[in-house]
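In this note's numbering, the protein residues as written are 132 to 444.
Glycine is no exception: its CB is placed at the ideal position from the N, C-alpha and C atoms.
These numbers were taken from a predicted model, which means no experiment stands behind them.
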Amino acid sequence: MIGRHKHCIALEDFSREEILEVIDLAVSMKEVLQRPIKKVPSLRGKMVVNLFFEASTRTRSSFETAAKILSADALNWTSSSSSVTKGETLVDTAKNLEAMRPDVLVIRHSAGGAPRLVAEHVGCSVVSAGDGAHEHPSQGLLDCFTLREKLGTLEGKTVAIVGDVSHSRVARSDLHAFPKLGAKVRLCGPPTMMPAGVERLGATVHTDLKEAVDGADAVIMLRIQHERIGDPLIPGTREYSKVWGLNAKKAADWLKPSCVILHPGPINRGVELSPEVADGPRSVILDQVQNGVAVRMAILYLLAGGAGEEARA
Ligand code: CP
132 MIGRHKHCIA LEDFSREEIL EVIDLAVSMK EVLQRPIKKV PSLRGKMVVN
182 LFFEASTRTR SSFETAAKIL SADALNWTSS SSSVTKGETL VDTAKNLEAM
232 RPDVLVIRHS AGGAPRLVAE HVGCSVVSAG DGAHEHPSQG LLDCFTLREK
282 LGTLEGKTVA IVGDVSHSRV ARSDLHAFPK LGAKVRLCGP PTMMPAGVER
332 LGATVHTDLK EAVDGADAVI MLRIQHERIG DPLIPGTREY SKVWGLNAKK
382 AADWLKPSCV ILHPGPINRG VELSPEVADG PRSVILDQVQ NGVAVRMAIL
432 YLLAGGAGEE ARA
């Protein structure tokens with residue numbers, strides 16, 4: 132369990148204490164990841180099934196890596212080589228895989244609400260690895276972990292999230308999590324990519340990038356989620372990049388010296404981020420990826436009922 136939760140589906144449901152429970156545990160999980168022998172017996176005999184209906188590089192491999200470091204067995208399932216291609220439904224697929232007695236089902240799906248629907252039909256824990264434009268809770272948690280690691284605390288800090296906010300499940304999870312840890316959130320992007328009513332969650336909305344990043348402690352750049360957009364929402368990527376992309380000159384002129392840059396990946400280089408910024412000294416993007424393993428170890432440990440304090444060491 133994570134606090135009161137058997138599942139990890141949406142950070143909207145998580146309290147400050149529940150977020151801290153995961154990221155505090157991820158600190159010791161990260162220490163395990165630094166060892167020459169990256170293996171602890173905490174989840175020996177447990178099984179994790181990764182059920183991905185959408186492509187993934189970071190999330191799927193980090194859940195698999197996390198499970199293996201904790202000695203759980205990991206089964207990777209992909210829709211393209213499954214009986215979904217013969218018309219099997221999401222719920223039937225999940226129930227059939229659950230019949231093989233996994234402890235945790237990790238699911239990524241293009242439909243918002245798919246992990247919650249699965250959770251209503253299976254007995255094991257369900258973790259959302261991203262559902263449509265709804266939420267990506269493990270990414271939100273790893274962003275919290277990375278920001279705390281780099282900034283010391285989120286209390287009183289300002290985080291600007293820039294780009295296609297309305298189609299970003301990462302932005303939505305971050306937006307639910309950061310204010311609970313005391314950070315202020317600024318959202319910035321084209322007006323057509325800004326969801327309605329976000330001010331209600333405490334965020335301020337900006338269309339001017341310079342204004343949004345002024346004095347910010349961290350900037351999270353987002354890619355345009357072309358796969359979730361029907362009609363074009365911007366004149367073109369060149370125009371978008373000019374106005375909302377971050378290059379070396381804008382970073383040098385507009386960001387305060389200590390400001391760090393995050394991106395959930397995959398990066399569209401030259402659109403939202405220039406290569407100099409993505410690979411530059413402010414970038415903590417690969418730290419996010421490594422922290423993703425530690426945070427997912429913590430999530431799996433808490434949900435699969437790890438074998439006690441001593442097994443974490
Ligand atoms: N951040 C993220 O979800 O990356 P992937 O799509 O590669 O998993």
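Asked                                                                                                          : Found
GLU266 classed as buried or exposed, judged by whether at least 16 other C-beta atoms fall within 10 angstroms : buried
Contact between the region 265-279 and the region 216-236 (3+ Cβ pairs under 8 Å)                              : no
Alpha-carbon to alpha-carbon, CYS255 and TRP126                                                                : The chain is shown only over 132 to 444; residue 126 falls outside these bounds and no answer can be derived.
Counterpart residues of SER414 in DSSP-defined beta bridges                                                    : ILE392
Three-state secondary structure (DSSP) of ILE238                                                               : strand
Span of the alpha helix (DSSP H), counted from its first residue to its last, around THR216                    : No alpha helix (DSSP H) contains THR216, which DSSP labels as neither H nor E.
Check: CYS270 C-beta below 7 Å from any heavy atom of the ligand CP                                            : According to the sequence provided, residue 270 is Gln. The question's Cys does not apply to it. Result yes, Cβ under 7 Å from the ligand CP.
Beta-carbon gap between MET178 and ALA141 smaller than 8 Å                                                     : no
Cβ neighbour criterion (16 or more within 10 Å) applied to THR277                                              : buried
Counted within 10 angstroms of its Cβ, other Cβ atoms place MET352 as buried (16 or more) or exposed           : buried
Cβ neighbours of VAL329 in the same chain (closer than 8 Å, five flanking residues each side left out)         : VAL296, LEU306, LEU318 and VAL336
Supposed contact pair GLU143 and ILE133 - C-beta distance, whole angstroms, cut 8 Å                            : Incorrect: roughly 14 Å between the Cβ atoms, too far for contact.
Cβ-based neighbour list, LYS170, same chain, cut-off 7 Å, excluding 5 preceding and 5 following                : ILE200 and SER202
Close beta carbons around ARG413, own chain, < 8 Å, minus the five adjacent residues each side                 : ALA382, LEU386, CYS390, VAL391 and ILE392
Alpha-carbon spacing of GLU440 relative to SER405, whole angstroms                                             : Because GLU440 carries a pLDDT of 46, less than 50, the predicted location of this residue cannot be relied on, and the following value inherits that uncertainty. Taking the straight line joining both Cα atoms gives about 44 Å.
Per-residue DSSP class, three states only, for GLU280                                                          : helix
Closest by C-alpha distance to VAL350, when choosing among ALA302, PRO397, GLY367 and ARG239                   : ALA302
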